[in-house]
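Novice: In this note's numbering, the protein residues as written are 991 to 1609. Even glycine gets a Cβ: it sits at the ideal position worked out from N, Cα and C.
(1) Check whether the Cβ atoms of residue 1552 and residue 1537 sit closer than 8 Å, and answer yes or no.
(2) When you compare only the Cα positions, how much space is there between residue 1601 and residue 1256?
(3) Using a Cβ-Cβ cutoff of less than 7 Å, which residues in the same chain neighbour residue 1294 once the five nearest sequence positions on both sides are dropped?
(4) Just to check my reading of the structure: residue 1456 and residue 1324 have Cβ atoms closer than 8 Å, yes? What is that Cβ distance to the nearest angstrom?
(5) In chain order, which alpha helix (DSSP H) runs of at least 4 residues are fully inside the stretch 1339–1405?
(6) Do you know how far the Cα of residue 1177 is from the Cα of residue 1426?
(7) Quick check on DSSP: helix, strand or coil for residue 1466?
(8) So for residue 1554, helix, strand or coil by DSSP?
(9) Starting from the Cα of residue 1432, find the closest Cα among 1416, 1462 and 1466 and give me that residue.
(10) On the premise that residue 1379 lies in contact with residue 1352, defined as a C-beta separation below 8 Å, what is that separation, rounded to the nearest angstrom?
(11) Please indicate yes or no: does the CB of residue 1594 lie closer than 7 Å to some heavy atom of the ligand MG?
(12) Considering Cα atoms alone, identify which of 1272, 1344 and 1299 is closest to residue 990.
(13) At which residues does the alpha helix (DSSP H) containing residue 1305 begin and terminate?
(14) Helix, strand or coil, according to DSSP, for residue 1608 in the structure here?
(15) Rounded to whole angstroms, what's the CA-CA distance from residue 1594 to residue 1382? Just pull it up for me.
(16) Determine the DSSP secondary structure at residue 1586, reduced to helix, strand or coil.
(17) In angstroms with no decimal places, state the Cα-to-Cα distance between residue 1068 and residue 1159.
(18) Could you give the residue range of the alpha helix (DSSP H) that holds residue 1289?
(19) Roughly how many whole angstroms lie between the Cα atoms of residue 1387 and residue 1163?
(20) Taking a contact to mean a Cβ-Cβ separation below 8 Å, would you say residue 1219 touches residue 1207 in this structure?
(21) Just to confirm the assignment: which complete alpha helix (DSSP H) runs, minimum length 4, are found wholly within the stretch 1421–1491?
(22) Could you check if residue 1331 is buried or exposed, using at least 16 other CB atoms within 10 Å of its CB as the buried criterion?
(23) Need the endpoints of the beta strand (DSSP E) that residue 1270 sits in, please.
(24) Quick one: is residue 1031 buried, meaning 16 or more other Cβ sit within 10 Å of its Cβ, or exposed?
(25) With a threshold of 6 Å on Cβ separation, who are the neighbours of residue 1167 within its own chain once the five nearest residues in sequence on each side are excluded?
(26) I'd like to confirm the pairing. Which residues does DSSP put opposite residue 1493 in its beta bridges?
(27) Does residue 1033 pass the burial test, meaning 16 or more other C-beta atoms within 10 Å, or should it be called exposed?
(28) Identify, in the order they occur along the chain, each residue of the same chain with its Cβ nearer than 7 Å to the Cβ of residue 1093, setting aside the five sequence neighbours on each side.
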C-alpha cells in the first residue's frame, strides 16, 4: 500500500507547502494501512471459502459430473480356469450368474429423486429400502454391488424394470460349482466376492468380481483368473471400444480323485467308529513329492462361499468348535508320539552312538536319579515290558525304554541329547514349512533348552529330553511334515517339496507351466542307516509282535509305524499311523492322525489299510 499511494500523496503535499525539495517517501497513516490490510484479508477469505465450497462440499458431485461426461469403462469377465485331477477328471465347474450393479455417480443430484430411484431398486428386488440405501451410503467405491447371484424370478422382474433404473445394470458373472464340496474343499478352497482391501491392492478387478480366497483357488489366482476384456464408451464422441477377455488357465493336479474319495470316506467311517470328530490324512508319492490326496476332517461345503454365504451359515461355520474350515493337514500342530522314533533312530545311527544290533533291556520303565539329589529318582514308563530289544525290534514294538535310552542316554549308553535330536528332526523337515502350494501352512515347532530358558524361564531337565525322545514335550508338527519325512525313509534319503499342482495348461491342453520334482535336501542319512529303519518298520507289519500287523494281509508288502501322543486330558490321545508300500520300491506314503481318541482304539491303521487296498487294487 505504501508503494501504491506514496508518489501521489507526496506530490500533493509538496504542492501545498510550496516546497522545491521533493521527498522520496511519505508513510501512510496507520489507519489507512490497517484498512487496506482488512480489505485484502476479507477478499482472500471470500476466495478461499469459494475454493473450499467447490473442492470439498461440491467436489464429489463435480467429479461425478466430470466422469459422466467422459463416458464409462466396464470389465468383461473371463471364464475362470478349470481344475482337473491327475486323470483329467473335472473337480470344479463354472456356472452362469447375474448381479445387479449400480453406479452412485449416475443417481440424480436431487436427493428426493435419488431416494425414489433407491426405492425403485428395492421394489424390484423385494428388499428393504433402508438396506439398499445403506449399501450406497457405506460403499467406498462408486460402483455398488446391490445384489449378487440373482434368482431367476428376480432377474425376470429386473429385466422389465431396468430401463427405469438408469443408475443400474444387470451384469453377467461366473460362479464356481464344486460337485464334491466336503471331500475337496481343504484342497480347492473357494472363491468369494472381492473385499475393499483386495480391491484397493489388486489391479484389473471390479467391485462384483470373484477372487480366490483359500486353497488352490487363492494360490493360483493369477493363473485361474484370466485377463478381463474392457468395454469403453465416450459420451462426447459416441465412440465404443472393446477388447475380448482371455479365459483363465487350467490346473492339472497330482491329486487322484478316486483316492481322495476313498481316503475321505475311510477317515469319516473310522472317526464315527471311535466317536472322534477331528483328523487329517496325507498321501504322497515318495519318488517325487507329489501330493496324491489330502483330507481334513470335519470339512465344509465351499459352494456356500462361492454362491454368496448367508450370515447365519457363516456364523454356524465360524462358531463350530470342530473348526470345519481349518485345514488340519497343513495348519494343525500336534505332538507326534512314537512316529518320531524312526527319525531319532536315524540320527543315532548317523552319529554312531549305537549299533543297530545292540540289545537294550526294556523292563517297562527306567529310573533316573536327580542330578541335584541322588536320593531322588524319577520313573519314566513304557506301555508294556518288551525285554531285550535291538533297534529293529524297538521300532516294531515301539519301545519307549529303548528310545529314552538313545534319546537322552541311560546308564552306559550315550544319548543324542536335545541339540542333536533337533538337528535330525530339522533335516527331515520338521519345524519348518514344507513349501507346499497351499496358503495357511504353519512351520510347527521343535523345543530346545535355549527356547525353554528364554520363554518359560526354566532350565532344561533330563525329563524334557526323555519326553522329546518319544514325541511328547512341546514338540509340534503338521501331518504334512510327518508324511514328507516318512517319504525320505521310503525313497532312500531325499526330502522333496510337496506339490499339489502338476502342471498348468491352456484350453487347447498346451502346457503353460510344468512343476518338476523339487529337492529340498538329500544325502543327510546314509543309505545303510535308512535301510535299518525300513527293516524295523517292515517288522512292525510282518512280525507277530509288530504293532502294525493289521496291514500284513494287503496284496503288497508294507512298512509302517504307529504313534500315540498324550493330549493333557486323561485317557484321550492323538493317534498316528504312517505306512509306505511296496516295501521294496515304495510309490505311496500315507500318514493319518486323529485327535482326542479315547483309550488306545485302532482308528488310523484301518484308514491306512483301506487306502492302500484301494490304491493297489486300482492299479
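Specialist: On the basis of the coordinates in this document:
(1) yes
(2) 8 Å
(3) 1303
(4) The Cβ separation is near 19 Å, so there is no contact.
(5) 1381–1387 and 1390–1398
(6) 11 Å
(7) DSSP places residue 1466 in strand when its eight states are reduced to three.
(8) If DSSP states are grouped into helix, strand and coil, residue 1554 belongs with the strands.
(9) For residue 1432, the nearest C-alpha among the options comes from 1466.
(10) Yes, they are in contact, since the Cβ atoms of residue 1352 and residue 1379 sit about 5 Å apart, within 8 Å.
(11) With respect to the ligand MG, the structure offers nothing, as it holds no ligand at all.
(12) No answer is possible for residue 990: it lies beyond the span of the chain, which begins at 991 and ends at 1609.
(13) 1301–1309
(14) helix
(15) 22 Å
(16) strand
(17) 19 Å
(18) From DSSP, residue 1289 is part of no alpha helix (DSSP H); its letter is neither H nor E.
(19) 59 Å
(20) no
(21) 1439–1445, 1452–1459 and 1469–1481
(22) buried
(23) For residue 1270, the enclosing beta strand (DSSP E) begins and ends at 1269–1275.
(24) exposed
(25) 1083 and 1085
(26) 1242 and 1504
(27) exposed
(28) 1132, 1133 and 1157
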